[in-house]
Amino acid sequence: MPFIVTQPCEGCISTACVDVCPATCFHRGNDILLIDPQECIDCGLCVYECPVEAIFPESEVPDKWASYIDLNAEAANFPAIQQKETPKGKCLKE
Ligand code: SF4
1046 MPFIVTQPCE
1056 GCISTACVDV
1066 CPATCFHRGN
1076 DILLIDPQEC
1086 IDCGLCVYEC
1096 PVEAIFPESE
1106 VPDKWASYID
1116 LNAEAANFPA
1126 IQQKETPKGK
1136 CLKE
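Residue numbers (my numbering): 1046 to 1139.
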């Protein structure tokens, strides 16, 4: 079961998660990172790196963010990101 990036990532994109991911899961969506469910190996490492607690196992995504499951499923349509980048937006303050 893949992990899912949800609403708190929007406007944050700290990218700390990207550095710990042992696979090539992360893609840069529209003002949010996305996890490709076809690549995720369910290790959970990214969960602990996210400063805004945006990442959940698919089965534990809060109902209010259920639509993000479909959004992450589209990850492969966006550019891959494989290294941490300088944070922008609201994560600069955290
Ligand atoms: Fe990568 Fe593991 Fe997070 Fe999946 S759960 S996106 S494999 S770090």
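Quick reminder that beta carbons are idealized off the backbone N, C-alpha and C, glycines included.
Under the three-state reduction of DSSP, I1114 is assigned to helix. Going by C-alpha positions, D1081 is about 6 angstroms away from F1071. The beta-bridge partner set that DSSP reports for A1125 consists of H1072. A straight line joining the alpha-carbon of E1119 with that of E1103 spans about 15 angstroms. Rounded to whole angstroms, the gap between the alpha carbons of K1129 and I1100 is 16 angstroms.
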